[in-house]
Amino acid sequence: MNPIFIIIPFLIASLGSLFLKTEKQVGRINLFFSILGGGALIFYALPFGLHIRGKEISQWWLMDSFSALLVFLVAFIYIVTTIISTRYIGHEYEEKIINLHQYKLYFALFQMFVLCMILALATNNTLVLWLALEGTTLFSTFLVGLYRKKTSIEAAWKYMILCSTGISLGLVGILLLGYGAHEAGLSGENIFSIHALMESSQAIPHDVIKLAFIFLFIGFGTKVGLAPMHNWLPDAHSKAPSPISAIFSAILLNIALYAILRFKFIADSAFSDPSWTNNLFLIFGFFSIILSALMMLIQTNYKRMLAYSSIEHMGLILFSLGLSPIGAMAAVMHMIGHTFIKSTLFFGAGEILIQWKSTKVEKIKNMLMRARYTSALFILGILAIIAIPPSALFMSEYGMFSQAIAIYPILAIIIFIALGIIAYAMLALTINMIFATEKIEDNIEYKKERWNITHTIMTVELIIVAILAMWFTTSGGINIINNIVKDFLFIK
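Sequential numbering of the sequence shown, starting at 530, is according to our numbering.
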């Protein structure tokens, strides 16, 4: 596939957002090109994900079942986020929270942000991968600071500085790996070709690969939000517009993890043994889960609560990847389920923010009465994210624990307790928001919430999550997940 056909719809939508004169025109062009571009990406990615087509490899292009899975997830979330953005950002424009310039800037940056994520997934060149990840940081920084308030600007600066520093460390790792590839006899563009590095990994000096992977892991791990490199994540998620928070948690973290996994395959293949990288994954995954459990107990902001939940789930995915091939299958299941559930929750958070103009839990009163649809869907999303059946995460966490308890029983027990703490904290905050009532003297007659497009999308995503839970138990589902794992995991 010619990459230009992917780039054009995003560029037209982005430039159109800047030059069109009214917010309705901007909304329409973004809806049109998101459905067109996102639909084309889904149509292109599905045959690879289902193994109907084999790998597609060229000098600049790499598409296999793993990258196709993530392209599919990005495309789906891109489409629904655009639809919700027209309502959410449109409401903020009508309420004069943002002006027309900010409205247009939001969609222009949003399109470029998503384009960079797609390029990161589809490239066969490590330098282009790095540029795309840095591009996601640059474009999304302005989205975090969209409201131009002191707190949002501080969050944007923190995000840009920490993530750019991390990505810079990743560049050092890429250059070191390129040096090692040159020493191994590769030349020209091949020293930065992901496929060529995979094919020639055993000829690269092991010391160079180890040093390069440490830089890459810490650098891109910052973008994933792993502890202790996570500091940017809660602030950026809580201050960004809610649709952007959904993009951050549901897909951006996956993209950074994807980059790490591509280099993990190279390192594991070079050593003919995944144990060295697995140990790194286990350590950082474990501490990310523990940190989330401790921080969740002191949260008073529902968007920060969801942000720490994202750190928890990235930790779970990383820990699962460090266990075994079966653990890696559970990790892929978890990645898919988390994408749909976390986007649902941030979409719901956006509806709450529209109603109450606050992210503080203590400010949310009479939610069940004032926002009955949002209340019902949000609590269902919380139950799904803490892996209550029929959530897809129940199946993935069951797979993870079945492996962990056999290999690292003490760690498995500690993680189980941590997940219990997280579940308690999230349920307590959510129940407090939904059932807390205002004082009598503060009671005001409010219009009952009407069903809207956000509720429809949240419902569809929750249904998908329940269907996935069943599909993960079928032979067809297991085979597809197994094939995806083989495309990014070195297995003896």
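Even for Gly, the Cβ is constructed at its ideal location relative to N, Cα and C.
Quiz item: Do the segment 667–680 and the segment 799–813 touch if we need at least three Cβ pairs shorter than 8 Å?
Solution: Under the Cβ criterion (8 Å, minimum of three pairs), the segment 667–680 does not count as touching the segment 799–813.
Exercise. Give the DSSP-derived three-state secondary structure of S722 in the structure shown.
Key: Strand at S722.
Exercise. Could you check what DSSP says for L591 in three-state terms: helix, strand or coil?
Key: It is a strand residue.
Quiz item: Which residue or residues does DSSP assign as beta-bridge partners of T655?
Solution: Here T655 is not bridged, per DSSP, to any residue.
Exercise. Could you tell me whether the Cβ atoms of M955 and I915 are closer together than 8 Å?
Key: With respect to the 8 Å criterion, M955 and I915 are classified as neighbours on the basis of their beta carbons.
Quiz prompt | Coil, strand or helix - E970 by DSSP | solution = Low confidence applies to E970: its pLDDT is 49, below 50, so where it sits in the model is not reliable, and the reading given next is rough at best. Three-state DSSP puts E970 in a helix.
Quiz item: Alpha carbon to alpha carbon, what distance is there between I827 and E970?
Solution: Residue placement at E970 cannot be trusted, given a pLDDT of 49 that sits under 50; the coordinates are not used to answer.
Quiz item: Between I960 and the ligand FAD, is the CB less than 7 Å from at least one heavy atom?
Solution: Judged by which ligands are present, the structure shown has none, so any question about the ligand FAD falls away.
Quiz prompt | Cβ pair G814, G748 closer than 8 Å | solution = It is not a contact, given that the beta carbons lie outside the stated cut-off.
Exercise. Report back the beta-carbon spacing between G879 and S771 to the nearest angstrom; my notes put them in contact at under 8 Å.
Key: So it is a contact: roughly 3 Å between Cβ atoms.
Quiz item: Around the Cβ of D593, are there at least 16 other Cβ atoms within 10 angstroms (buried) or fewer (exposed)?
Solution: Counting the other CB atoms within 10 Å of its CB gives D593 a total of 16 or more, which places it among the buried residues.
Quiz prompt | Of the listed residues F869, A785, K894 and R899, nearest to L909 (C-alpha basis) | solution = Relative to the Cα of L909, the nearest Cα in the group F869, A785, K894 and R899 belongs to F869.
Practice problem: Please state whether DSSP places E880 in a helix, a strand or coil. | Solution: If DSSP states are grouped into helix, strand and coil, E880 belongs with the helices.
Quiz item: For the alpha helix (DSSP H) that contains F923, what are its first and last residues?
Solution: In the DSSP assignment, F923 falls within the unbroken alpha helix (DSSP H) covering A921 to I936.
Quiz item: Over what stretch of residues does the alpha helix (DSSP H) that includes M689 continue unbroken?
Solution: Where M689 is concerned, the enclosing alpha helix (DSSP H) starts and stops at K679 to E712.
Quiz item: Hey, how far is the Cα of K633 from the Cα of V555?
Solution: Spanning the two alpha carbons is a distance of roughly 7 Å.
Quiz item: On the premise that L1018 lies in contact with P918, defined as a C-beta separation below 8 Å, what is that separation, rounded to the nearest angstrom?
Solution: Not confirmed; about 27 Å, so no contact.
Exercise. Could you have a look at I917 and say whether DSSP puts it in helix, strand or coil?
Key: Looking at I917 - three-state DSSP - the assignment turns out to be coil, as it is neither helix nor strand.
Self-check item: Three-way DSSP call (helix, strand, coil) for E585 in this model
Solution: The DSSP-derived three-state label of E585 is strand.
Quiz item: Are the beta-carbon atoms of A998 and A921 separated by less than 8 Å?
Solution: One thing to note: A998 has its Cβ within 8 Å of the Cβ of A921.
Practice problem: Assess, as a yes-or-no matter, whether the segment 672–684 is touched by the segment 726–738 under the definition of 3 or more beta carbon pairs within less than 8 Å. | Solution: The segment 726–738, when compared against the segment 672–684, does not touch it at the 8 Å Cβ threshold.
Quiz prompt | Test item: CB-CB of G844 and S925 under 8 Å | solution = The answer is no: Cβ separation not under 8 Å.
Quiz item: Across which residues does DSSP place K752 in a beta bridge pair?
Solution: K752 is not bridged to any residue.
Quiz prompt | Those runs of the alpha helix (DSSP H) which lie wholly inside the segment 781–834 and span at least 4 residues | solution = Entirely contained in the segment 781–834, the alpha helix (DSSP H) runs reaching 4 residues are, in chain order, 782–800 and 804–825.
Exercise. Have a look at I1013 and A649 and give me their C-alpha separation to the nearest angstrom.
Key: Looking at the two C-alpha atoms, the distance is approximately 18 Å.
Self-check item: Reference K892, options T1002, M962 and S774, closest by Cα
Solution: For K892, the closest C-alpha among the options T1002, M962 and S774 is that of M962.
Quiz prompt | In DSSP terms, what K889 is bridged to | solution = Looking at the DSSP assignment, K889 forms a beta bridge with N830.
Exercise. Can you give me the Cβ contacts of A859 inside the same chain, cut-off strictly under 6 Å, excluding the 5 residues immediately before and after it?
Key: For A859, where only same-chain residues beyond five positions count, the Cβ hits under 6 Å are S849, S925, G928 and M929.
Quiz item: If you count every other CB in all the chains shown that lies within 10 Å of the CB of E967, and 16 or more means buried, which is it?
Solution: With fewer than 16 other Cβ atoms inside 10 Å of its own Cβ, E967 counts as exposed.
Quiz item: Which residue's Cα is closest to the Cα of S693: G664, G702 and L715?
Solution: By alpha-carbon distance to S693, the top candidate from G664, G702 and L715 is G664.
Practice problem: Go ahead and label F945 buried or exposed: buried means 16 or more other beta carbons lie within 10 angstroms of its beta carbon, across all protein chains shown. | Solution: Exposed, since its Cβ has fewer than 16 Cβ neighbours within 10 Å.
Self-check item: Where F1001 sits in the DSSP three-state scheme
Solution: DSSP, read as helix, strand or coil, puts F1001 in coil.
Self-check item: Stretch pair the segment 560–570 + the segment 532–550: three plus CB contacts closer than 8 Å
Solution: Contact between the segment 560–570 and the segment 532–550 is present, because at least three Cβ pairs lie under 8 Å.
Exercise. State the DSSP-derived secondary structure class of R899, mapped to helix, strand or coil.
Key: Three-state DSSP puts R899 in a helix.
Quiz prompt | Under the three-state DSSP convention, the category R616 falls into | solution = DSSP places R616 in helix when its eight states are reduced to three.
Exercise. Grab me the residues of L570's own chain with a C-beta within less than 6 Å of its C-beta, minus the 5 sequence neighbours each way, in chain order.
Key: Only V600 and A604 meet the Cβ criterion.
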